[in-house]
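Residue numbers (UniProt numbering), protein chains in the order written: chain S, 1 to 342; chain R, 1 to 342.
Remarks on the structure that follows.
Protein chains: 2
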Amino acid sequence: MSSTAARPGTPTLDQVASLAGVSRATVSRVVNDSPRVSPTAREAVRAAVETLRYVPNRAARSLVTRRTDTVALVLSESGTQLFSDPFFASIVQGLSAHLADTDRTLVLLAARDRREQEKIGRYARQGHVDGVILLSLHSDDLLPGILASSRVPLVLSGRPLDGREVSYVDADNAGGAAAATRHLLAQGRTRIATITGPLDMVAGLDRYAGYRSALEAAGRTPDPDLVDGGDFGEVGGMRAMSRLLDRAPDLDAVFVASDPMAAGALQALRTAGRRVPDDVALVGFDDAPLAQACDPPLTTVAQPLGEMTALMLELLLRRIEDADAPVETRVCATHLVRRASA
Amino acid sequence: MSSTAARPGTPTLDQVASLAGVSRATVSRVVNDSPRVSPTAREAVRAAVETLRYVPNRAARSLVTRRTDTVALVLSESGTQLFSDPFFASIVQGLSAHLADTDRTLVLLAARDRREQEKIGRYARQGHVDGVILLSLHSDDLLPGILASSRVPLVLSGRPLDGREVSYVDADNAGGAAAATRHLLAQGRTRIATITGPLDMVAGLDRYAGYRSALEAAGRTPDPDLVDGGDFGEVGGMRAMSRLLDRAPDLDAVFVASDPMAAGALQALRTAGRRVPDDVALVGFDDAPLAQACDPPLTTVAQPLGEMTALMLELLLRRIEDADAPVETRVCATHLVRRASA
DNA sequence: AGTCGCTGTGGAAGCGTTTCCACGAGGGCC
DNA sequence: GGCCCTCGTGGAAACGCTTCCACAGCGACT
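Printed below as a string of structure tokens:
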């Protein structure tokens, strides 16, 4: 006889136990694939589980195991911007794919403003998730602080701007940007502009730094007229390109800090009657699917996204398994993908 | 004296209680804003909570309250397609905004294939969430079945294709598409093409049906050469437009089932040397931010997204509060936004 | 002046798991 | 043939919280 009468909709362990004619402990062992169970008992339990459509109650389990088998990907981005970024989509896809074979689930959390950041901080501290991967963070993000001080396992996607000591995985943004710029220099381009991303994000900052360092290494002085910025989105790229053309009609190349912005820039160039790559050479960043679909297809800087997502999970799981695991950081190499635009 | 020695990182209720000099019950009442607490006790508890940085353990709370204060938005979409859809971004934003004032949290779950759908089904059945909103579902989606049979509160965004009895909120897609098509007819356009969305999705299907019904009501016979399809994405729209121009060079208008596809179509038209709207009139769907940024700005069909997200939550919360609440469905009116493209 | 009710509080019983511990049965070894 | 292990099993104690119930104090009625 079971000790309590739960609603018919949600069978409990001891209902399964009494149906299978064993104890709760045995049922638990079967459910958790413990080896110490006889085939007979195992089969009886399986049948009972099947009959009752039993699903373990996660709250009860978490209470004792202190785990939830859930990891969160937090999207720290105001507005709808982030969602249209193919980079973000690839990250989600990569994490999902790596987690698909495990029994952990990935949940996405959107933190659009400070209030939501605090709410998510609370959510994580309350023990809803075992760990957090933080994406696309601006410099004013509260979450690294909140989470770190609560000892919630945390991995950042991208080097933190404040130099905080925390695990992260990043692409070699500066190196990729420099390679792209050198590629343009090698073509004999003399007036190389750039469309930067937001300069309060590390990817925006580092890609701009890479552009500058390549120019300086070649003995060029960066010209402020040749620099404009966008928000990584297509429309922003289009607008920035228009402004650049107004200010510096003689530009003959542009390094654009994201593929969507490059696609926008391409449209602006076409509207202005410039041919790509004949009049203006264009290099993007990210190697998004979009880059191939452009006309002409974009030369761009590729990041090893699969490797990066795998590393993020690896670092995070290590910290989940062992709270005292050391902080680790990884920077992945980028490489130039040459297509028709430059 | 507290009964157990938890790790210093995670204070428990009785640590707070003993620090505040009251019982666990009183602390619980303060934390849950119960009115039956004296100001003195309340203040003492608040101070102790502050000192220990106490956060209630969610698993323990859920175990007794049988609630998690979490609702999930499930994104049933293969590949990265969905994320680039501004419609989706608006839905997330809307739900987030409505939930920001409450103590519930929104989590996003990506279900890219059957395996992930099953995983998410399990996740929900295990009691990780109080309810589920299901977005963008294809006809072969397993989740409505899984969730309905487990009595997980569920609201669909979009009418289910299989006629299943379940709560949903939808826009009047057919009505909006018909209005758009009538608008083109009223301009005297005679060869009106359409770029449909995926025809295994209700939005794709209904918008196509609206287009056809408007044509038929005007005594026109739909011409199969004037119909092509995309995946709601920009690249798909561009390609579909190219195919349409090949097959029916004499077309003079296009109703496109999404704004991103319309933006792609716009590029294809420009590449083909057609002027918009002079040679070809173009109407999109969704009134995405993108629509205004196009050149020319897109005439498009707007859906009341704020109203729709509010309704989804309203229906869902009603079912969460009362498991026996009746199934409800809402269809929201759409309206044509006239800009320069048609 | 006695009783009633109301308010604030604490004790204790669960919520559904996991897991430690104890125990009985069986088999291989000397 | 006795002893020690190992294996399968069940009992029971936790995990941290909410909430029912009982109770003490106190003011306001009759």
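Don't be surprised by glycine CBs; every beta carbon is placed ideally from N, CA and C.
Just so you know, these numbers come straight off a predicted model, no measurement behind them.
Check	Outcome
By alpha-carbon positions, which one of R/A124, R/E77, R/A217 and R/R274 ends up nearest to R/D200?	R/E77
Can you give, in chain order, each stretch of the beta strand (DSSP E) that sits fully within the stretch 105-177 of chain R and has at least 3 residues?	105-111, 131-135, 154-157 and 167-171
Counting contacts by CB-CB distance shorter than 8 Å, is S/H98 in contact with chain R?	no
Any beta-carbon of chain S closer than 8 Å to the one on R/N57?	yes
Take R/Q267 and list the residues in its own chain whose beta-carbon comes closer than 7 Å to its own, dropping the five residues that flank it on each side.	M238
Going by the DSSP bridge assignment, what does R/I195 pair with across the sheet?	R/D228 and R/V256
Is it buried or exposed, R/A17, if we count other Cβ atoms within 10 angstroms and call 16 or more buried?	buried
Measure from the C-beta of residue 353 of chain R to each C-beta in chain S and report whether the shortest distance is under 8 Å.	Residue 353 of chain R is absent from the model: chain R starts at 1 and stops at 342.
Using only alpha-carbon positions, find the residue among R/A178, R/P304, R/G233 and R/D228 that is nearest to R/D206.	R/A178
Assuming contact is defined by CB atoms lying nearer than 8 Å, are S/V155 and S/M312 in contact in what I supplied?	yes
If you follow the beta strand (DSSP E) that S/D286 is part of, which residue opens it and which one closes it?	A281 to D286
Taking a contact to mean a Cβ-Cβ separation below 8 Å, would you say R/L305 touches R/S90 in this structure?	yes
Inspect the CB distances between the stretch 326-340 of chain S and the stretch 166-177 of chain S and report whether three or more fall short of 8 Å.	yes
In the DSSP output, which residue or residues are listed as bridge partners for R/S341?	Answer by DSSP bridge pairing: none, since R/S341 is not bridged.
Determine the DSSP secondary structure at R/R247, reduced to helix, strand or coil.	helix
Short of 8 Å in beta carbon distance, which residues of its chain neighbour R/R53, apart from the five on each side in sequence? Order them along the chain.	P11
Hey, how far is the Cα of R/S23 from the Cα of R/P198?	60 Å
Using a beta-carbon distance below 8 Å, is R/G127 in contact with chain S?	yes
Is the Cβ of S/E118 closer than 8 Å to any Cβ of chain R?	no
I want to verify the contact list: residues of chain S whose CB lies under 8 Å from the CB of R/S157, in sequence order.	The contacting residues do not exist; R/S157 stays about 16 Å from chain S at best.
Which class does residue 415 of chain R belong to by DSSP, given the choice of helix, strand or coil?	In the structure as shown, chain R begins at 1 and stops at 342. Residue 415 of chain R is therefore absent and cannot be evaluated.
Does DSSP classify S/R330 as helix, strand or coil?	strand
Going by DSSP in three states, R/A218 sits in which element: helix, strand or coil?	coil
Cβ closer than 8 Å: which chain S residues qualify as neighbours of R/L305?	Per Cβ cutoff of 8 Å: no residues; R/L305 is ~11 Å from chain S at best.
Whole angstroms are fine: how far does the CA of R/M241 sit from the CA of R/G281?	Sequence inspection shows Ala at residue 281 of chain R; the Gly mentioned does not correspond to that position. Rounded to the nearest angstrom, the two C-alpha atoms are 13 Å apart.
Between the alpha carbons of S/T4 and S/E50, how many angstroms are there, rounded?	Unreliable placement is indicated for S/T4, whose pLDDT of 37 sits below 50; no coordinate value is reported for it.
Cβ of R/A59 within 8 Å of Cβ of S/G233?	no
Among the candidates S/A218, S/V256, S/E118 and S/L251, whose CA atom is the shortest distance from the CA of S/D231?	S/V256
Hey, does S/A48 have any beta-carbon neighbour from chain R nearer than 8 Å?	no
Is R/A281 close to chain S, meaning its C-beta is less than 8 Å from at least one C-beta of that chain?	no
Does any residue of chain S have a CB that is nearer than 8 Å to the CB of R/S62?	yes
Report the partner residues of R/S76 according to the DSSP bridge assignment.	R/A111
Would you say R/G229 and R/D259 are within 8 Å of each other, going by their C-beta atoms?	no
Residues in the same chain with beta-carbon distance under 7 Å from S/I320, minus the five sequence neighbours each way, listed in chain order, please.	D130, G131 and P153
Give the straight-line distance between the Cα atoms of S/A100 and R/E116, rounded to the nearest whole angstrom.	7 Å
Taking the alpha carbon of S/D295 as the point to measure from, which residue in S/A342, S/L315 and S/L336 has its own alpha carbon closest?	S/A342
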